[in-house]
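Down below is the structure, laid out as structure tokens.
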Amino acid sequence: MSVRKEEKAVEKKGAAPAVELTRDQPVFAPATDIYERDDAVVVVCDMPGVDDKHVDITLEDGVLTILGYADTSAPSDHELVYRGYEPGTFRRAFTLGAEVDPDKIRAKIVNGVLRVELGKTERAQPRKIPVQTE
Amino acid sequence: MVWQEIGGWGFDPFTEFRRLQREMNRLFEEFEGIEEAEPAVNVWSSKNDLVITAEVPGVAPEDLRVHVQDDVFTLEGERKAEDPGEGVVVHRAERASGRFARSIRLPYPVDHDRVTAKYRNGILTVTLPRSEASKPRQIAVTTD
Numbered sequence: 772m773s774v775r776k777e778e779k780a781v782e783k784k785g786a787a788p789a790v791e792l793t794r795d796q797p798v799f800a801p802a803t804d805i806y807e808r809d810d811a812v813v814v815v816c817d818m819p820g821v822d823d824k825h826v827d828i829t830l831e832d833g834v835l836t837i838l839g840y841a842d843t844s845a846p847s848d849h850e851l852v853y854r855g856y857e858p859g860t861f862r863r864a865f866t867l868g869a870e871v872d873p874d875k876i877r878a879k880i881v882n883g884v885l886r887v888e889l890g891k892t893e894r895a896q897p898r899k900i901p902v903q904t905e
Numbered sequence: 006m007v008w009q010e011i012g013g014w015g016f017d018p019f020t021e022f023r024r025l026q027r028e029m030n031r032l033f034e035e036f037e038g039i040e041e042a043e044p045a046v047n048v049w050s051s052k053n054d055l056v057i058t059a060e061v062p063g064v065a066p067e068d069l070r071v072h073v074q075d076d077v078f079t080l081e082g083e084r085k086a087e088d089p090g091e092g093v094v095v096h097r098a099e100r101a102s103g104r105f106a107r108s109i110r111l112p113y114p115v116d117h118d119r120v121t122a123k124y125r126n127g128i129l130t131v132t133l134p135r136s137e138a139s140k141p142r143q144i145a146v147t148t149d
């Protein structure tokens, strides 16, 4: 790990969540892809262990917040002998640049991948202006 | 019990370092250089079986392959990249894609015919029953 990275990490930690969660679980930032089409913004998050009943998505003042609670149950009567990951809570918030129509938000989670499509308002969509000739 | 090394089993300072680095990355939203070639796994053990869980979000069950040869467990698969389509502006692309493989040397022989694998919400759970021959046997102590 380079010095630069370490500095960055500390800085991020300092700026870390103003909102603290009540659950006593580690909180992770899910790896996310975001792309923008003319008519919508699409946010895709990797949230292994999270099903459709354990996701909270809110949009408030242009900030999209995603929360996902992974199933942290362990196999019964088993002892953990090697740990490569820790299940916990996924949390991430983004400020959306584009104007989003609250009625055009759709979200689904399949195989531990959350996909949120935020449709833009008519106003925010690029308009094609037909040019006429005489 | 002797824990042998293969792809991150047991204590290997480099693997441990990579794991730490990965966790740091996840914690600090710092995604430069995240390239998870191998999925993260947890291993659980009981008297009768081993349970291996792996984080493989977005991988269709048909793209996952699990096999056990001798005492080596291997998980292979491919995570297909999503094609966002034409004329799309990509703001972030943090999710990994591509082929991955991970092998783990098991601490005891397992019954190959009874291995089961289940995929749910991006988590693969493989149960490997311990072979009868390798189970510890209780020896009754008698007195004359």
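Order-wise, the sequence lines are chains A and B.
With this note's numbering applied, the first sequence covers 772 to 905.
With this note's numbering applied, the second sequence covers 6 to 149.
Heads up, the beta-carbon is just placed ideally off N, CA and C, and yes, glycines get one too.
Neighbour flag for residue i against chain B, beta carbons, 8 Å
i	result
A/Arg894	no
A/Leu838	no
A/Glu888	no
Whole-angstrom distance between residue j and residue i, CA atom to CA atom
i	j	result
A/Lys931	B/Ser139	The displayed coordinates of chain A run from 772 to 905. Any statement about residue 931 of chain A would go beyond what the structure contains.
B/Glu34	A/Glu870	The predicted model places B/Glu34 with a pLDDT of 44, which falls under 50 and marks its position as unreliable, so this point remains unresolved.
A/Gly859	B/Val93	32 Å
B/Leu80	B/Val131	10 Å
B/Arg97	A/Pro846	35 Å
B/Ser108	B/Val71	10 Å
B/Tyr124	A/Lys899	46 Å
A/Thr892	A/Gly833	13 Å
B/Arg142	A/Gly839	45 Å
B/Tyr113	B/Val56	13 Å
B/Lys52	A/Asp848	9 Å
B/Asp54	A/Gln796	28 Å
B/Gly82	A/Pro819	16 Å
Cutoff 8 Å: residue i Cβ touching any chain A Cβ
i	result
B/Glu99	yes
B/Glu67	no
B/Ser108	no
B/Ile144	no
B/Pro89	yes
B/Val64	yes
B/Gly82	no
B/Arg70	no
B/Val56	yes
Secondary structure of residue i, DSSP reduced to three states
i	result
B/Lys52	coil
B/Ala138	helix
B/Arg151	Residue 151 of chain B is absent from the model: chain B starts at 6 and stops at 149.
B/Pro66	helix
Integer Cβ distance of residue i from residue j, believed to fall under 8 Å
i	j	result
A/Val887	A/Ile828	6 Å
A/Val884	B/Gly127	7 Å
A/Pro873	A/Leu830	7 Å
B/Val73	B/Val120	6 Å
B/Val77	B/Ala59	B/Val77 to B/Ala59, Cβ: 15 Å. No contact.
A/Val812	A/Ile805	7 Å
query = For the segment 800–845 of chain A, which segments carrying the alpha helix (DSSP H) assignment without a break, of at least 4 residues, lie completely within its bounds, in sequence order?
reply = Here no run is fully enclosed.
_Against chain C, which members of the segment 814–827 of chain A pass a CB distance test of less than 7 Å?_
Going by chain labels, chain C is absent from the structure shown, which instead holds the protein chains A and B.
Runs of alpha helix (DSSP H) lying entirely within the segment 79–119 of chain B, each at least 4 residues, in chain order
Segments of the alpha helix (DSSP H) lying fully in the segment 79–119 of chain B: there are none.
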